[in-house]
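Engineer: Quick one: this structure, given as structure tokens, is what I'll be asking you about.
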Amino acid sequence: YLVGVGRADCTGPVAQVPLMGYAKTDQVGGGLLSRLYSRAFIVADPEGPSRVVFVSIDIGMVSQRVRLEVLKQLRSKYGELYRQDNVILSGTHTHSGPGGYFQYTLFWITSKGLVRPALSSIVNGIVKSIDIAHENMKKGRLFINRGTVENSQINRSPFSYLANPESERNRYSSNTDKEMVVLKMVDEDGHELGLISWFAVHPVSMNNSNHLVNSDNVGYASYLFEQEKNKGMLPGEGSFVAAFASSNLGDVSPNTRGPFCANTGESCDNPQSSCPVGGAAMCMAKGPGKDMFDSTRIIGQNIYLKAKELYEKASQEVTGPLSSAHQWVNMSNVSVELNATHTVKTCKPALGHSFAAGTIDGVGAFNFTQGSVEGDPFWDQIRDQLLGEPTNETKACHSPKPILFSTGEMTWPHPWHPDIVDVQIAAIGSLAILAVPGEFTTMSGRRLREAVKNEFDSHGTQGMNVVIAGLCNVYTHYIATYEEYQAEPEQGRGSSGNPGCPHGCLRSTSSLSQNATQELPRGPEPPLFNVTSLTLLPSLSAESAPATKTFGDVLEEVRPEYREREVAGVTFVGANPRNSAENATEHNFLTVERYSNISSSWHVVLNDASWDTRFYWSKGSRGQSNVTIEWHIPAGTEPGVYRLRYFGHYKKRMGLFRLITVPFEGSSSGFQITAP
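Going by UniProt numbering, the sequence shown opens with residue 1, and the numbers climb by one from there.
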């Protein structure tokens, strides 16, 4: 094959924009723990036009708006080379990235609308990563390996999982998929290019009290792998690209100690995930670490170490033709033949009461509970008055789920939910990638993989490695099995026991395995709404520094001396970090620099993509704000003299109506790190 890899920043605004994932309106960005990246991989036939693009992005999920804008840019640059059938966009599902990149109304509620700088950062980052991969295509080879990851996940809906047939459950050793699949990429001389790992775990080691933008446990795994392979380079730099992509993670949590009542410490591992005192709001799962930062590192390192082992031992070469199939399907009206006597039809989208309950990784508001089999009259009455009652047809179609929001019937000011869903599959030789538009649960993912493998087998293509890539192309929430749907935590009736999605995948697989993708109908193209920016974010206004101070001045200085494992910290007169994103500049907010006696100059040793640094922004009054930079000094840090630097932009008023953006910087004093 011809192989190309690329990585580009897609972080966007790190302040004031709500973080996407927990649907918690007060969980807004207040700084940066690690940068977000788009990682692109292109595999092409050196003799023909066929190629496949897989992109893993450090975001909650790929929205339809992101997908459509990316495809539009690619078409204008490359013509028909990169299209909706051969480009897969997959979100890692971090819950700590900026929201605001959706065009459907439901997602505006918790994201404060459509936030153009967040959307543009993601779209431009994806396109740039594909550009870099495209420009660096070279002859290469691919190898696949698979293995088991231990101590990194639990099923967060075990009672729903038990609703699946016992005979089916007995075929598996665990109620989660512990298998990791790794695709290794090298050039024809054996030089390492990159890898993609697919593994099912929610990136929610950082909980819903976090306000720092970051890529969570899978992002930390990428960081560790890339730092190891790009020796001597700063984080986010270097040619080796390591993506840790999502899979069927719908009911899979990294919080391995399980759910406990925050107020009493007792277990709340029950069907309602509820506590005797405080109800569901008190039930939260705990990770393996002493805090969420520590848990993120532990789970991320577990995933990284297994990927490293599989990567180093990968010897099964991937060969064979490249192909891809894609179809848009209106999922609100698909007829599926279950057997000779039963045909069922899908429904317009609607969200159940359990959706509002959240999960043990992040509970919802107002004490909704998981497992409720009836609606709540109080909330149903409010919904009926404000948004309208669901039709009898929708109620019957979604039964036994009690409907909270009938989003498929709500159209003001724009439709609330997508009807048209991407169904996509790509084959790279013996590897088939199913690009699914949401969060398949463990068992629904197993069923889908098995059905697709059987479909390949039935058309004479034996021994395919089938992986599920999650959170692709458009977001449709959870996809559970029929049995889990009856049991109803958030993964069950929060969304769908949807037979239409697997049905579409099988149709695409059939056309792929028979080389008949040209005969697959395109389907109804999704709309691109004419809304460029519609946000409740506070507008950016002129800023000021305290009297006798200027932007970048130090307010609280570092200590003169630190040891490893201590935290060096400095506070500056700051400015809104959104200025930097809105100014469309790519830059670091901070650097850690070491003084060299040899050259008598400072050298950057860390940037803000490092997991050892933290950037906090706090808004004050009268247009003033502070920035605090922390460096959590790791064991093994070389003794010497260091300093922390801050780079920002502030808004300055010029005349009555004009604001300009002014760059500035600040620096701590030098401080000594002494030997342990």
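We treat Cβ as the ideally placed atom computed from N, Cα and C, and that holds for glycine.
Would you mind reading off the limits of the alpha helix (DSSP H) that contains Ala350?
Structural biologist: Careful: Ala350 lies outside any alpha helix (DSSP H) and carries neither H nor E.
Engineer: For Cys505, does the three-state DSSP call read helix, strand or coil?
Structural biologist: Cys505: helix per DSSP, three-state reduction.
Engineer: Which residues mark the beginning and the end of the alpha helix (DSSP H) in which Thr105 is found?
Structural biologist: It spans 105-111 - the alpha helix (DSSP H) in which Thr105 sits, taken as one unbroken run.
Engineer: Bridge partners of Asn607, per DSSP?
Structural biologist: The partner list for Asn607 (beta bridge, DSSP) reads Thr591.
Engineer: Taking just the CA atoms, how far does Phe405 sit from Gln316?
Structural biologist: When rounded, the distance between both Cα atoms is 48 Å.
Engineer: Give me the Cα-Cα distance between Gly636 and Asp45, rounded to the nearest whole angstrom.
Structural biologist: Gly636 and Asp45: Cα-Cα distance of roughly 45 Å.
Engineer: Considering only their Cβ atoms, is the gap separating Leu68 from Leu528 smaller than 8 Å?
Structural biologist: Yes; because the gap between Cβ atoms is below 8 Å, this pair is in contact.
Engineer: What residue does the alpha helix (DSSP H) around Arg446 start on, and which one ends it?
Structural biologist: Residues 442-458.
Engineer: Rounded to whole angstroms, what is the Cα-Cα separation between Thr110 and Glu389?
Structural biologist: Whole-angstrom Cα-Cα distance: 22 Å.
Engineer: Assign Tyr78 to buried or exposed, taking buried as 16 or more other Cβ atoms, counted over all protein chains shown, within 10 Å of its Cβ.
Structural biologist: Exposed is the call here.
Engineer: Helix, strand or coil for Lys24 per DSSP?
Structural biologist: If DSSP states are grouped into helix, strand and coil, Lys24 belongs with coil.
Engineer: I'd like the list of long-range same chain contacts for His417, defined as Cβ closer than 7 Å, with 5 residues on each side in sequence excluded.
Structural biologist: Once the five neighbours on either side are set aside, the close Cβ partners of His417 are Tyr104, Leu106, Pro349, Thr407, Gly408.
Engineer: Output the boundary residues of the beta strand (DSSP E) element that contains Leu555.
Structural biologist: Per DSSP, Leu555 belongs to the beta strand (DSSP E) from 554-556.
Engineer: Would the segment 202-213 count as touching the segment 165-183 if we require 3 or more Cβ pairs under 8 Å?
Structural biologist: The answer is no - the segment 165-183 does not touch the segment 202-213, with fewer than three Cβ pairs under 8 Å.
Engineer: DSSP has Val423 in a bridge; who is on the other side?
Structural biologist: The partner list for Val423 (beta bridge, DSSP) reads Gln327.
Engineer: If we count the other Cβ atoms within 10 Å of its Cβ and call it buried at 16 or more, is Pro489 buried or exposed?
Structural biologist: Low per-residue confidence applies at Pro489: pLDDT is 49, beneath 50, and the placement is therefore not dependable enough to give any value.
Engineer: Assuming Cys472 and Ile88 make a contact with CB atoms under 8 Å, what is their CB distance in whole Å?
Structural biologist: That belief holds up - the Cβ atoms of Cys472 and Ile88 are roughly 6 Å apart, short of 8 Å.
Engineer: By DSSP, does Lys306 sit in helix, in strand, or in coil?
Structural biologist: Lys306: helix per DSSP, three-state reduction.
Engineer: For Leu434 and Ala469, which I take to be in contact (beta-carbon distance under 8 Å), what is that distance rounded to the nearest angstrom?
Structural biologist: Indeed, because the Cβ distance is near 7 Å, the residues count as touching under 8 Å.
Engineer: What whole-angstrom Cβ distance do Val40 and Leu195 have, given they're in contact under 8 Å?
Structural biologist: The sequence shown places Ala at residue 40, rather than the Val named in the question. Actually they are not in contact, since the Cβ atoms of Ala40 and Leu195 sit about 13 Å apart, beyond 8 Å.
Engineer: Name the one or two DSSP bridge partners that Leu434 has.
Structural biologist: Ile425, Ile468, per the DSSP bridge assignment.
Engineer: Less than 8 Å between C-beta atoms, sequence neighbours within five positions excluded: which residues of the same chain meet that for Gln301?
Structural biologist: So the list reads Tyr220, Ala221, Leu224, once near-sequence residues are dropped.
Engineer: Using the Cβ count rule (16 or more neighbours within 10 Å means buried), how would you classify Ser267?
Structural biologist: Exposed, by the Cβ-count rule.
Engineer: In the structure shown, what three-state DSSP assignment does Tyr82 receive?
Structural biologist: Reduced to three states, the DSSP call for Tyr82 is coil.
Engineer: Counting only the same chain and skipping the five closest in sequence on each side, list residues whose C-beta sits under 8 Å from that of Leu606.
Structural biologist: Answer for Leu606: Leu234, Pro235, Thr591, Val592, Asp612, Thr613, Trp631, listed in chain order.
Engineer: What are the complete alpha helix (DSSP H) segments, minimum 4 residues, inside the segment 628-674?
Structural biologist: Runs of the alpha helix (DSSP H) inside the segment 628-674: none found.
Engineer: When the Cβ atoms of the segment 242-261 are set against those of the segment 172-185, are three or more pairs found closer than 8 Å?
Structural biologist: The segment 242-261, when compared against the segment 172-185, does touch it at the 8 Å Cβ threshold.
Engineer: Going along the chain, which residues of its own chain have a beta-carbon closer than 6 Å to the beta-carbon of Val28, five neighbours each way excluded?
Structural biologist: Only Gln16, Pro18 meet the Cβ criterion.
Engineer: Check the C-beta distance from Leu534 over to Gly113 and give it rounded, since I have them as a contact under 8 Å.
Structural biologist: With 8 Å as the limit, Leu534 and Gly113 qualify as a contact, their Cβ atoms being about 5 Å apart.
Engineer: To the nearest angstrom, how far is it from the Cα of Tyr475 to the Cα of Thr571?
Structural biologist: Cα to Cα, Tyr475 sits roughly 40 Å from Thr571.
Engineer: Any idea if His211 is buried or exposed, counting beta-carbon neighbours within 10 angstroms, 16 or more meaning buried?
Structural biologist: That one is buried.
Engineer: Let me know the secondary structure DSSP gives Gln153 once reduced to three states.
Structural biologist: Here Gln153 sits in coil by DSSP.
Engineer: Around the C-beta of Pro546, are 16 or more other C-beta atoms found within 10 angstroms, so that it is buried, or is it exposed?
Structural biologist: Its Cβ having fewer than 16 others within 10 Å, Pro546 is exposed.
Engineer: Pick helix, strand or coil for Phe293, following the three-state DSSP scheme.
Structural biologist: Reduced to three states, the DSSP call for Phe293 is helix.
Engineer: What residue does the beta strand (DSSP E) around Leu404 start on, and which one ends it?
Structural biologist: Taken as a continuous stretch (DSSP letters only), the beta strand (DSSP E) holding Leu404 covers 403-405.
Engineer: Going by beta carbon distance, what residues of the same chain come within less than 7 Å of Ser668, once the five residues before and after it are set aside?
Structural biologist: Excluding positions up to five away in sequence, the list reads Val554, Glu557, Val558, Val570, Arg643, Leu644.
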